[in-house]
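Undergrad: This is the structure I have questions about; it appears just below.
Here it is as structure tokens:
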């Protein structure tokens, strides 16, 4: 009888513990504010975050801001009013959401910065992102290896592009890439004919491909009338697309004038097609399935008052604090491995890249 009573008590205890965990999650609303719906990667991010959270029993409010700061702030305010338990925010401008996040803090809402770091506020609790310095290292290394700089070849002409100055990731990408490229620039093996090398000079507001295309047009006209451009550091696929359009406009991409080495990031379908065609050299694949899963696990831990999974508590300073971070590793994709990395892993279907 005593054994039966003990067994019954244990079963009840386990059942109550399971019920307690379920009640934490059941019905809780999670707000997700992403920057835009014009790039395939953000659509996938949104869908993956929602699916991961729904699988854990949460309700979601997913909003896209079309890269408009006031729209995103309004969306976050509405989420706070709706009573979300946790906010996942990928900011349009990392420095402009501090006021609205103060309102979230006052309501006891935890904030996870997603992919892009929210700057200049103590009111962001966690950060889920890729190893963004390593993204730049992969891009720089792709240029070095493709040109044969590591085998002593050169000199080669290169032009540099960076992302938006208001995005902390742009600084990290650039720092990583230049840590690889600067030694070759210093030795004269890489030559920046425009002499535009500082981040302020090479940055591209809002990561606009059209802005990158216009700048590439100007660079080609001013500095490459009689010279060949051998490489372009493009920090993402959107900018790479604009740069490729500019280069094709002056005759690059023909057998007599092949495309320069061009990097990228995000592994967007159109850019994988460009890699297959030979218009783009490489891109950095950031498996957003893994990032979305990490963000959902952070949410679940927050709601259930469990330790939040992080693996970097030193690197990511937002100007007000060091933000505890979960980092996911990126992968370089080129003509040699796109099928194995993107199709065989199930990230894309083969017909999406034809």
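In our numbering, the protein residues as written are 9 to 362. We put the CB at the ideal spot given by N, CA and C, even for glycine.
#1: If you check the beta carbons only, do residue 120 and residue 304 fall under 7 Å apart?
#2: Taking its Cβ as the centre, do 16 or more other Cβ atoms sit within 10 Å of residue 93, making it buried, or is it exposed?
#3: Using a 10 Å radius around the Cβ and a threshold of 16 neighbouring Cβ atoms, would you call residue 185 buried or exposed?
#4: I need the straight-line Cα distance from residue 212 to residue 346, nearest angstrom please.
#5: Measuring CB to CB, does residue 164 end up less than 7 Å from residue 202?
#6: Using a Cβ distance threshold of 8 Å, determine whether the region 68-75 contacts the region 314-329, with at least three qualifying pairs required.
#7: Tell me where the alpha helix (DSSP H) around residue 192 begins and ends.
#8: Would the region 347-359 and the region 153-171 be scored as touching if the rule is three or more Cβ pairs under 8 Å?
#9: Using the three-state DSSP reduction, which class does residue 170 fall into: helix, strand or coil?
#10: In three-state terms, what does DSSP make of residue 57?
#11: Of the residues 329, 292 and 247, which one's Cα is nearest the Cα of residue 218?
#12: I'd like the span of the alpha helix (DSSP H) that includes residue 114, first residue to last.
#13: Could you spell out where the alpha helix (DSSP H) holding residue 121 opens and where it closes?
#14: Checking 7 Å against the spacing of the C-beta atoms, do residue 272 and residue 242 come in under that value?
#15: Given a cut-off of 7 Å, decide if residue 41 and residue 84 are closer than it, judged by their beta-carbon atoms.
#16: Judging by CA-CA distance, which residue of 340, 328 and 286 is the nearest neighbour of residue 126?
#17: Here's the rule: buried if 16 or more other CB atoms are within 10 angstroms of the residue's CB, otherwise exposed. What is residue 116?
#18: Going residue by residue through the region 213-257, where are the continuous beta strand (DSSP E) segments of at least 3 residues, counting only ones entirely within it?
#19: Tell me where the beta strand (DSSP E) around residue 6 begins and ends.
#20: If you count every other CB in all the chains shown that lies within 10 Å of the CB of residue 290, and 16 or more means buried, which is it?
#21: Straight-line CA distance for residue 220 to residue 250?
#22: Give me whichever residues DSSP pairs with residue 336 in a beta bridge.
TA: According to the structure shown:
#1: One-based indexing of the chain shown puts residue 120 at position 112. One-based indexing of the chain shown puts residue 304 at position 296. No; because the gap between Cβ atoms is not below 7 Å, this pair is not in contact.
#2: Indexing the chain shown from 1 puts residue 93 at position 85. With 16 or more other Cβ atoms within 10 Å, it is buried.
#3: Numbered from its first residue, the chain shown carries residue 185 at position 177. By the neighbour-count rule (16 or more Cβ atoms within 10 Å), residue 185 is buried.
#4: Counting from one through the chain shown, the residue named residue 212 turns up at place 204. Counting from one through the chain shown, the residue named residue 346 turns up at place 338. Each residue's Cα considered, the two are about 27 Å apart.
#5: Within the chain shown, the letter at position 156 stands for residue 164. Within the chain shown, the letter at position 194 stands for residue 202. Cβ distance not < 7 Å, so residue 164 and residue 202 don't count as in contact.
#6: no
#7: Position 184 of the chain shown holds residue 192. Taken as a continuous stretch (DSSP letters only), the alpha helix (DSSP H) holding residue 192 covers 176-194.
#8: no
#9: Start at 1 with the first residue of the chain shown, and residue 170 comes out as number 162. Correct three-state label for residue 170: coil.
#10: Your numbering for residue 57 matches position 49 in the chain shown. Looking at residue 57 - three-state DSSP - the assignment turns out to be helix.
#11: Taking the first residue of the chain shown as position 1, residue 218 is located at position 210. Comparing Cα positions, the closest option is 247.
#12: In the chain shown, counting from the first residue as 1, residue 114 sits at position 106. Run containing residue 114: 106-114, per the alpha helix (DSSP H) assignment.
#13: Translated into the one-based positions of the chain shown, residue 121 becomes position 113. Run containing residue 121: none in the alpha helix (DSSP H); it sits in the beta strand (DSSP E), 118-122.
#14: Residue mapping note: residue 272 aligns to position 264 of the chain shown, counting from 1. Residue mapping note: residue 242 aligns to position 234 of the chain shown, counting from 1. Result yes, Cβ atoms of residue 272 and residue 242 sit closer than 7 Å.
#15: Sequence index remark: in the chain shown, residue 84 carries index 76 (1-based). Sequence index remark: in the chain shown, residue 41 carries index 33 (1-based). For residue 84 and residue 41, yes; Cβs fall inside 7 Å.
#16: Taking the first residue of the chain shown as position 1, residue 126 is located at position 118. Closest option to residue 126, Cα to Cα, is 328.
#17: For the purposes of this step, residue 116 is taken as the residue at position 108 of the chain shown. Answer is exposed; the Cβ neighbour count stays below 16.
#18: 239-241
#19: Here the chain has residues from 9 to 362 only, and residue 6 is not among them.
#20: The sequence position of residue 290 within the chain shown is 282, counting from 1. With 16 or more Cβ atoms within 10 Å of its Cβ, residue 290 is classed as buried.
#21: Counted from its first residue, the chain shown places residue 220 at position 212. Counted from its first residue, the chain shown places residue 250 at position 242. Each residue's alpha carbon lies about 6 Å from the other.
#22: Residue 336 sits at position 328 when you count from the first residue of the chain shown. BP columns for residue 336 point to 138.
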